[in-house]
Amino acid sequence: MIVHHAVEIILTRPATPGELRHACCSVPVAANADRTRLMAVHGARSPGGALHTLRRRLDALLPIDVLTTHYPDRHGRVLLNVALPHTADQALRQAATATGQRPQDVLHRRVSEALARDKEDRAQLLAARLEGLFAHHTPEEVLTSVASLLHSRQHRRTPTVP
10 MIVHHAVEII LTRPATPGEL RHACCSVPVA ANADRTRLMA VHGARSPGGA
60 LHTLRRRLDA LLPIDVLTTH YPDRHGRVLL NVALPHTADQ ALRQAATATG
110 QRPQDVLHRR VSEALARDKE DRAQLLAARL EGLFAHHTPE EVLTSVASLL
160 HSRQHRRTPT VP
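Per my numbering, the sequence shown runs over residues 10 to 171.
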């Protein structure tokens, strides 16, 4: 059964007007203002199939960096389609062979580990900055300041209705 999937196309540089015209002859796309991100809705049996087909159709027409499903799947995951340089692809395939896994599984594990490391690094940085604040301010002062800042940021984002 063919289902339509929303796909975001992230480019390595802004697409030229000519590149966009040629791409639209193959697949209807909508570009953002600076022409570095495109959206397409493509029919396929699976989100991965939509990414694969769009990569084949558009790779020669646009400077594609990453294709990604725009909405998470039923497991809460967003799928990526990345074209790796030959040396990176070879290294990934060798690691997969050595561990008895598929290359995409090795890549998934490595990306997940990198994201987890980044999350931990950010949490440690935040904790260190908070410790610095607590050296000069009481927890109540810090909490009040954060609440005030969050409230003012939320107020600026929420449009007022006359």
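Ideal Cβ placement from N, Cα and C applies to all residues, glycine included. This structure is a prediction, so every number in the text was calculated from the model and none was measured.
Give every residue of the same chain whose Cβ lies closer than 7 Å to the Cβ of residue i, excluding the five residues on either side of it in the sequence, and list them in chain order.
| i | result |
| --- | --- |
| A125 | none |
| P56 | H14, T78, D82, L88 |
| T62 | H51, A53 |
So who's on the other strand from residue i, going by DSSP bridges?
| i | result |
| --- | --- |
| P91 | Residue identity check: residue 91 is Val in the sequence provided, not Pro. Paired residues: V75. |
| I19 | R46, V75 |
| G51 | The amino acid at residue 51 is misidentified as Gly; the sequence shows His. DSSP lists H14 as partners of H51. |
| A40 | L47 |
Thinking C-beta only, is residue j closer than 7 Å to residue i?
| i | j | result |
| --- | --- | --- |
| H13 | V36 | no |
| V115 | A105 | yes |
| A59 | V16 | yes |
| L142 | V151 | yes |
| R46 | I19 | yes |
| R102 | P112 | yes |
| L76 | R86 | no |
| A39 | M48 | yes |
According to DSSP, is residue i helix, strand or coil?
| i | result |
| --- | --- |
| V12 | strand |
| A24 | coil |
| A104 | helix |
| A69 | coil |
| H164 | helix |
| G141 | helix |
| D98 | helix |
| G85 | coil |
| H31 | helix |
| H146 | coil |
Give a yes or no on whether the minimum CB-CB distance between residue i and chain D is below 7 Å.
| i | result |
| --- | --- |
| I11 | This model lacks chain D altogether; it includes just one protein chain. |
Below 6 Å CB to CB, which residues in the same chain sit around residue i once its five sequence neighbours on both sides are set aside?
| i | result |
| --- | --- |
| R248 | Nothing about residue 248 can be reported from this structure: the residues present for the chain run from 10 to 171 only. |
| H31 | L70 |
| A24 | R44, L71 |
Quick one: what's got a C-beta closer than 8 Å to residue i's C-beta in the same chain, skipping five residues either side?
| i | result |
| --- | --- |
| L108 | Contrary to the premise, residue 108 reads as Thr rather than Leu in this sequence. Around T108: V115. |
| A156 | none |
| C34 | none |
Comparing the CB of residue i with every heavy atom of the ligand MG, is any distance shorter than 6 Å?
| i | result |
| --- | --- |
| L152 | Absence of the ligand MG is noted for the structure shown, with no ligands found whatsoever. |
At 3 residues or longer, and completely inside the stretch 108-139: list those beta strand (DSSP E) runs for me, N to C. Taken in chain order, no unbroken stretch of beta strand (DSSP E) lies wholly in the stretch 108-139 with a span of 3 residues or more.
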